[in-house]
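**Q** Every position in the sequence shown, counted from 1, becomes a number in my numbering once 4 is added.
Just so it is clear, CB atoms sit at the ideal spot from N, CA and C, and this is done for glycine as well.
This structure is a prediction, so every number in the text was calculated from the model and none was measured.
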Amino acid sequence: MATLLYIESSPRKQRSHSIKVAEAFLASYRRAHPDDRIDRLDLWQESLPRFDGDMLNAKYSIMHGENPSAAERTAWTEVERLFKRFDAADKYVFSVPMWNFGLPYVLKHYIDVITQPGLAWSFDPASGSYSGLVHGKVTAIYASGGAYHAGSGAEAFDLQKPALENWLAFIGLTDITRIVVAGTLAGPAAAKATDDASAEAARVAAGF
Ligand SMILES: Cc1cc2nc3c(=O)[nH]c(=O)nc-3n(C[C@H](O)[C@H](O)[C@H](O)COP(=O)(O)O)c2cc1C
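1) Measuring from the CB of W157, is there a heavy atom of ligand 1 at a distance below 7 Å?
2) Mind checking K17: buried by the 16 CB within 10 Å criterion, or exposed?
3) For V142, which residues in the same chain have their Cβ closer than 8 Å to its Cβ, ignoring the five residues on either side in sequence?
4) Leaving out five residues before and five after D91 in sequence, what residues of the same chain have Cβ atoms less than 7 Å from its Cβ?
5) Less than 8 Å between the beta carbons of D56 and L9, yes or no?
6) Does DSSP put T81 in a helix, in a strand, or in coil?
7) Whole-angstrom Cβ separation of S22 and L47, contact assumed at under 8 Å?
8) Determine the extent of the beta strand (DSSP E) in which P101 is found, giving its start and end residues.
9) Inspect the beta-carbon positions of G150 and G191 and report whether they are closer than 8 Å.
10) For A6, count the other beta carbons within 10 Å of its own beta carbon; 16 or more makes it buried, fewer makes it exposed. Which is it?
11) In chain order, what residues place their C-beta within less than 7 Å of a heavy atom belonging to ligand 1?
12) Could you work out which residue in P108, G140 and S73 is closest to A93 when comparing CA atoms only?
13) Secondary structure at E27, three-state DSSP: helix, strand or coil?
14) Tell me the DSSP bridge mates of K141?
15) Identify whether R16 lies in helix, strand or coil by the three-state DSSP scheme.
16) Taking the alpha-carbon positions, what's the L107 to L52 distance?
17) Can the beta-carbon of G122 be found less than 8 Å from the beta-carbon of I175?
18) How far does the beta strand (DSSP E) with W125 in it reach, from first residue to last?
19) Return yes when the Cβ of V25 is within less than 8 Å of the Cβ of V185, no when it is not.
20) Helix, strand or coil for P192? Go by DSSP, reduced to three states.
21) Quick check: the Cα distance between A205 and Y152, rounded to an integer number of angstroms?
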C-alpha cells in the first residue's frame, strides 16, 4: 500500500482551477489504487510556524555541526513533525496557482519550514556537494491566469514551475509530471482548458 500526499495551495476552493484538476486526478487515482492511502494537506488550514528565533538558529547550529541548545531542540521538533508527514509519502501531488509569477506564499512558507539539513537534504564537505534525501514521484498541477508556454513570449515571466521543480529536484524528487491549466482568466476558454487538464490528470493518475 502506497501513500499519496496531496498538497493544496489555492485558497479559492470551489472556484479554483488547480483544485478542480487535482480532484479529477484524485478521483481517478482512487479508482485505480483503491488500497492506497491519500493524505490531504490544505496549506490554508495548516498553521505553519514562523521560521525565525530558536527554530531558525537550530537550522544554523545543525549546518555548522554545533550542538543545538535545549530551546533550539524544542523548536526543531515542530519542523521534524511537519517534515515527517511530508516524508511519509511515496507519491506527491501538488496543486499550485501562479501568484505574481511565482508560488503562493503558503507554499513557499511550507517549503521554507520543511527543507532542512539532515531531513530533506545533506551536504558532503569532502566533495562540496548537496544530496536530496526525499524519495518518490510527483505530479504538479499548475494554474495561471495568463499563458506562459514556449513560444508565448512570456516564458521568462514564469517563475512558478522552476521554483517548484528546482526545489523538488534539490530535495531528491526528480520524477515530475507536469499538468498545466493556463489562461484561467480567459472567460469561456478557461472552462475548456480546465476540462482538458482534468481529462489529462485522470489519465496520468490511472498510471501514477
Ligand atoms: C495574488 C494573486 C496573484 C496572481 N498573479 C498572477 C500572475 O502573476 N500571473 C498570472 O498569469 N496569473 C496570476 N494570478 C491569477 C491566478 O494565477 C489564476 O486566477 C489561477 O487560476 C489561480 O489558480 P486557482 O484557480 O487554482 O486558484 C494571480 C492571482 C492572485 C490571487
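**A** Based on what the coordinates show:
1) Looking at the sequence provided, one finds Gly at residue 157 rather than Trp. G157: no, Cβ never under 7 Å from ligand 1.
2) exposed
3) K95, Y96, V97, F98, L172, L177, D179, I180 and T181
4) V138
5) no
6) helix
7) The pair is not a contact, with the Cβ atoms about 12 Å apart (cut-off 8 Å).
8) K95 to P101
9) no
10) exposed
11) S14, R16, R19, S20, H21, S22, I23, S99, P101, M102, W103, N104, F105, A147, S148, G149, G150, T188 and L189
12) G140
13) helix
14) K95 and D179
15) coil
16) 16 Å
17) no
18) W125 to D128
19) yes
20) helix
21) 19 Å
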